[in-house]
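Note that the sequence shown covers residues -19 to -1, 1 to 431 in mature numbering (1 follows the signal peptide of the UniProt record, and there is no 0).
Just so it is clear, CB atoms sit at the ideal spot from N, CA and C, and this is done for glycine as well.
Working notes for the structure below.
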Amino acid sequence: MKILLYILLYSLLPKNIGAIASSEINRISLVNLYVSTSIDISTHIVKKFNEVTLKNNGNVSIDNFEMTIELELLKKLALIEITAYKKVLKVQYGITKDDRQIFNVILDQPLKSKKSMVYFLKTIYTNVLIPYPRFSYQDQPHLVKFYDNILFYSPFVTLNQAINIDIGNGYIEKNDKSNLTLLRNNIIFKQFDKIFPYSKHLIEVHFENLNPFLTITCLKRSVILSLWGFIKVIDEMSIMNTGATLKGSYQRKFPFQQNRKGSEVLNFQSQLPKNAYGIYLDDEIGKIWSYEVHNNVLNNATELLIRPRIILLGGWKTKLRISYMLPTNFYLYRNETDFTLKLNLIESYFNNMVINKAYIYIYLPKGAAFSNLKTPFDVYVDSSTNKIIKLKTNNLVQDHVKYFSLQFHLTKKDQFKNIVLEVLTIVVTFHLILIFLKYSSNLFKHFYIT
């Protein structure tokens, strides 16, 4: 009878009781000895860097710990990365509790009892800075507002925290003057001591931001594979200046008249792979964009200095299509009938870029069978058809410019068939052009004689 009762009680216990008990033990035994926080708000992307000294005051070693982010910031979170011992740690989504999202950080090596470790937390947020005023004239300073919690939002007690905020080259219009000093373009807070778990200290900074708020609202990237030695890439993007919306009349400016106090975008710089060739820029109207191509040896990339046909003022939008070729011997690896494609999931289209939505289409050769896909971050994958692999993701920034790996299988019979079909297509097209030229010349000759 007792055995049955024990079994019944065990079955009623939550399945994740071990994880719950472990997290409760961690909250009691772990403490943040010192946190150094640096917040960069000099562009329209907010970057937070935390150097944390974590100590285990418990009697047992731990192999994971929790960290939290406010729910109101979670939808604006573009990147979260934790490094320790010069290695990137694995971060897993946990439960949502009250007004916070819990993450579980897996340590590369256990943190022993009474020992401490240093880890670095990097988080990037988009759409945190708000243009204020929301509407402004063309030559008015571009003022924005930053309103956020600056304390390290942690489930553990923090003994000491130092905070520094970088606003770039602009000036401060308004700020909370308590407990801080201004040094050039930095706001330095006095050290906070004995911070309780989940504590908040909200501040508001109203300042001039000299960087354009350029955003790709939608990106459609097509990667077309060919067995003829090249890969064709087409990037179609909808671009918008998400800074303060223009109010009043518009005055046309030339590059030498650029006003640093305005939010207009006169040009921007894109980076393509080093081996890119056959570069072509256009939009729905035609090729009316001007651009310069440079080889950047240091960045190992091909740089494009792009000038839109119109200046992008606040609230204005445009569309751009960049197409280019890549040699397959640098990106497509072959092992008889197995192929592996290694290519950037997205490119660096301009500095401090933000991509709201991205759709990537990978067109495989005819007859290919999709095998496997490895991406540097989570994406939605649709591989229902072997011909086209569709990827979907959102809220991307510069740090997401990383390689993905796609594997597919193509038999030698299909390889030969594709080559024969392409050769026949070229031959038939060539003969059709010759026939057309012959009969058209005869037709025009007859017309002039009559």
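Would you mind giving the Cβ-Cβ distance between residue i and residue j, rounded to the nearest angstrom? I have them listed as a contact below 8 Å.
i                 : j                 : result
lysine 126        : isoleucine 111    : 5 Å
aspartate 264     : leucine 301       : 6 Å
lysine 323        : tyrosine 272      : Rounded, the Cβ-Cβ distance is 27 Å, inconsistent with contact.
leucine 206       : leucine 313       : 7 Å
isoleucine 43     : proline 91        : 6 Å
tyrosine 305      : isoleucine 370    : The pair is not a contact, with the Cβ atoms about 20 Å apart (cut-off 8 Å).
phenylalanine 30  : isoleucine 63     : Going by Cβ atoms, the distance from phenylalanine 30 to isoleucine 63 rounds to 11 Å, so no, they are not a contact pair.
phenylalanine 320 : glutamine 388     : 7 Å
isoleucine 144    : phenylalanine 188 : Actually they are not in contact, since the Cβ atoms of isoleucine 144 and phenylalanine 188 sit about 16 Å apart, beyond 8 Å.
Quick check on the DSSP output: the alpha helix (DSSP H) that includes residue i runs from which residue to which?
i           : result
leucine 200 : From DSSP, leucine 200 is part of no alpha helix (DSSP H) but of the beta strand (DSSP E) over 195 to 206.
leucine 55  : 52 to 55
Count the other CB atoms within 10 Å of the CB of residue i; is the residue buried (16 or more) or exposed (fewer)?
i              : result
threonine 392  : exposed
tyrosine 420   : exposed
alanine 2      : At alanine 2 the pLDDT is 47, less than 50, meaning the model places this residue with poor confidence and gives no usable figure here.
arginine 115   : exposed
lysine 56      : exposed
valine 33      : buried
glutamine 142  : buried
asparagine 316 : exposed
valine 409     : exposed
glycine 267    : exposed
histidine 25   : buried
asparagine 40  : exposed
Taking residue i as part of the beta strand (DSSP E), name the residues at either end of that continuous run.
i                 : result
methionine 221    : 211 to 222
isoleucine 63     : 58 to 65
valine 274        : 271 to 277
asparagine 13     : 11 to 21
alanine 282       : 282 to 288
leucine 391       : Run containing leucine 391: none; DSSP gives neither H nor E here.
isoleucine 184    : 183 to 189
phenylalanine 249 : 249 to 254
aspartate 129     : 124 to 130
methionine 306    : 298 to 308
aspartate 363     : 361 to 363
leucine 326       : Taken as a continuous stretch (DSSP letters only), leucine 326 belongs to no beta strand (DSSP E), as it is neither H nor E.
glycine 75        : 71 to 78
glutamate 317     : Where glutamate 317 is concerned, there is no enclosing beta strand (DSSP E), given that its DSSP letter is neither H nor E.
Which residues in the same chain as residue i place their Cβ atom closer than 8 Å to its Cβ, once the five residues preceding and following it in sequence are excluded?
i              : result
histidine 412  : none
isoleucine 327 : Leu200, Arg202, Ile336, Ala339, Ile341, Leu377, His381 and Val382
glycine 75     : Glu47, Gln82, Ile83, Phe84 and Asn85
asparagine 277 : Gln252, Thr283 and Glu284
arginine 288   : Pro236, Leu247, Asn248, Trp270, Ser271 and Tyr272
serine 117     : His123, Leu124, Ala225, Thr226, Leu227, Lys228, Ser244 and Gly295
asparagine 325 : Pro254, Val382, Lys383, Tyr384 and Phe385
Looking only at its own chain, which residues have a Cβ that is under 7 Å from the Cβ of residue i, when we skip the five neighbours before and after it?
i             : result
leucine 58    : Ile50, Thr104 and Tyr106
glutamine 379 : Ser329, Asn333 and Met334
leucine 307   : Phe211, Ile212, Val214, Pro254, Asn256 and Ala257
lysine 68     : Asp89
leucine 132   : Gln142, Phe173, Ile176, Ser180, Lys181 and His182
asparagine 45 : Asn85, Val86, Ile87 and Leu88
Here's a check: name, in chain order, each residue in its chain whose Cβ is nearer than 6 Å to the Cβ of residue i, leaving out the five neighbours to either side.
i              : result
proline 147    : The question names proline, but residue 147 in the sequence shown is aspartate. Hits under 6 Å: Asp21, Ser23 and Asn167.
threonine 223  : Phe194 and Thr196
tryptophan 297 : Asn222
leucine 161    : Ile168 and Phe170
lysine 36      : Val12, Leu14 and Ser97
tyrosine 128   : Glu185
- Kindly confirm or deny that the segment 248 to 259 and the segment 178 to 189 touch, where touching means at least three C-beta pairs closer than 8 Å. Three or more Cβ pairs closer than 8 Å define a contact, and the segment 248 to 259 falls short of that threshold against the segment 178 to 189.
- So does the segment 79 to 97 actually touch the segment 39 to 55, counting three or more Cβ pairs closer than 8 Å? Counting Cβ pairs under 8 Å, three or more are found: they touch.
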